[in-house]
Amino acid sequence: MKFLVAILAALSLSFAAHGADIEINDPWIRAVPPSSSATAGFFVIVNKSAAPISLVGAEAPISKDIRPMVTTKISAGGKDVMGMEFVDRLTVEAGKSLALVPGGDHLMFMKLADVPAAGSVVPVTLIFETPSGRKSLAIRAPVR
Amino acid sequence: MASGRKPARPRTGLLLIIVAACAAIAIPATIVMFSMAARSISPWFGKYDHQAREAYDFQLTDHNGSPFQLRNLRGNIVLLAFGFTNCPNICPSTLAALANVARRLPLEAQERLRVVFITIDPERDTPEKLKAYVPFFDKRFMGLTGDPATIAAVAKAYGAYFKKAPPAEDNPADYMVDHSTSVQLIDPEGKLRLSFRFDQLPETDQIVGDFLRVLGPETATETNGETLPESQPSAARAR
């Protein structure tokens with residue numbers, strides 16, 4: 158019975174991860190063509206702690222080069238021009254949340270060793286910098 | 012001839028009266044028109060172009076390596092997007108959103124849709140690369156490439172902006188391209204009719220609505236039995 162409860166609990170949490178102070182909601186990775194060299198991961202970071210935290214990187218079997226990126230938007234001749242820039246960190250202030258979304262901030266998976274197929278689930282370990290040191294948080298991101 | 016010239020003053024006076032009369036009619040008329048336009052809610056989700064300029068015709072190479080002429084798509088509705096295949100966020104989001112639009116259209120309307128993705132990174136995006144990329148989102152979508160000068164001319168004609176970002180330190184072939192992100196709609200007569208901003212693209216139903224309005228009211232009534240509003244007189248006038 159205890160085992161069953163544990164399984165149910167694990168299932169209900171499968172696509173949301175809770176550290177003590179950091180919560181990750183609705184993670185997913187964009188399904189891209191098998192020929193692609195890169196894809197992007199999206200999720201919501203909720204910082205429940207009383208201090209700022211920063212996403213500084215991640216580890217996953219599909220890529221050895223995973224970095225946070227921001228999308229820049231400038232106006233050129235009345236047109237919105239989107240660009241992307243690597244950043245060392247994506248900081249979430251105390252008590253706030255940050256949504257990584259298509260066309261916005263995202264986690265970039267580069268030099269893909271394996272292009273994940275739609276419908277698969279990628280285990281990702283997110284690395285945060287917090288005032289009490291580095292913290293890792295394991296999530297499972299469905300590919301769609 | 013200078014000798015034949017009549018005194019200028021009376022004519023200037025007449026001209027002034029005519030200008031004043033025109034202004035007296037035109038200014039209030041313009042104000043009324045603008046206030047009417049402001050009050051009426053546009054039936055269009057995208058940015059509607061009343062000028063309906065002729066879409067710039069071009070020849071590029073499609074992802075099968077065949078010549079592609081835009082003009083040959085007359086009679087269909089073309090959704091035109093610019094991007095590049097190494098683009099990890101904006102371009103896949105754009106193509107995935109357009110694939111949702113394609114799937115949501117009634118079958119008859121789907122046959123009239125042509126989605127065209129023009130690379131703004133022709134150095135790296137060969138037809139083979141595009142073929143491995145663009146149809147992944149929808150097998151009916153077409154990727155186009157060409158020589159850099161032609162691509163630049165096409166992008167300019169459609170108001171698309173792009174600029175190579177600095178490459179990675181360890182690999183000059185590893186670079187991103189900053190680019191504008193709107194999607195243009197060309198109507199069956201080859202006129203630039205609507206444009207959608209990147210942030211509008213997830214609104215599948217709204218874009219489907221615009222698409223069906225461009226196709227015409229007889230098709231517009233077919234979506235799930237719901238009747239969509241017909242085009243306003245302004246739209247008919249622009250045609």
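In order, the protein sequences belong to chains Y and H.
So the first sequence is numbered by our numbering: it starts at 158 and just counts up by one.
So the second sequence is numbered by our numbering: it starts at 12 and just counts up by one.
For glycine and all other residues, C-beta sits at the position ideal for the given N, C-alpha and C.
Check: Should the region 141 to 152 of chain H be called in touch with the region 164 to 171 of chain H, which here means at least 3 C-beta pairs below 8 Å?
Finding: no
Check: In three-state DSSP terms, what is T229 of chain Y?
Finding: strand
Note to self: On the DSSP bridge list, what partners appear for Y172 of chain H?
What the structure shows: Paired residues: none, contrary to the question.
Checklist line | F266 of chain Y: first and last residue of the uninterrupted beta strand (DSSP E) it sits in | finding: Residues 263 to 267.
Notebook entry, point to check: Where does the unbroken beta strand (DSSP E) through R291 of chain Y begin, and where does it stop?
Noted result: 290 to 299
Next item on the list: Below 8 Å between beta carbons is the criterion; list the residues of the region 95 to 113 of chain H that meet it against any residue of chain Y, in chain order.
Entry: T96, N97, P99, N100, I101, P103, S104, A107
Next item on the list: In the DSSP assignment, find the unbroken beta strand (DSSP E) run with I186 of chain Y in it and report its ends.
Entry: 179 to 186
Margin query: Give me the chain Y residues within the contact set of K140 of chain H, using Cβ-Cβ distance strictly less than 9 Å, ordered along the chain.
Written below: The contacting residues are S192.
Checklist line | Continuous beta strand (DSSP E) assignments of at least 3 residues falling wholly in the region 139 to 173 of chain H | finding: 153 to 156
Check: CB-CB under 6 Å to V126 of chain H, same chain, minus the five flanking residues each way: which ones, in chain order?
Finding: Non-local beta-carbon contacts of V126 of chain H in its own chain, meaning distances under 6 Å to residues more than five positions away in sequence, involve L90, L109, F152 in chain order.
Next item on the list: Identify every residue that forms a DSSP beta bridge with R224 of chain Y.
Entry: Y:M265
Check: Is the Cβ-Cβ distance between V300 of chain Y and S277 of chain Y less than 8 Å?
Finding: Their beta carbons are under 8 Å apart, which means V300 of chain Y touches S277 of chain Y by this criterion.
Notebook entry, point to check: Taking one C-beta from the region 255 to 268 of chain Y and one from the region 201 to 220 of chain Y each time, how about it: are there three or more such pairs within less than 8 Å?
Noted result: yes
Margin query: Does chain H have any CB closer than 8 Å to the CB of T248 of chain Y?
Written below: no
Check: For the region 190 to 204 of chain H, which residues have a CB atom closer than 9 Å to at least one CB atom of chain A, in sequence order?
Finding: This model lacks chain A altogether, as its protein chains are Y and H.
Next item on the list: Compute the Euclidean distance between the alpha carbons of C98 of chain H and P259 of chain Y, then round it to the nearest angstrom.
Entry: So the two alpha carbons sit approximately 12 Å from each other.
Notebook entry, point to check: In angstroms, rounded to a whole number, what distance separates the CA positions of T137 of chain H and R208 of chain H?
Noted result: 27 Å
Notebook entry, point to check: Apart from the five residues on each side of it in sequence, which residues of its chain come closer than 6 Å, Cβ to Cβ, to T130 of chain H?
Noted result: F95, D136, T156
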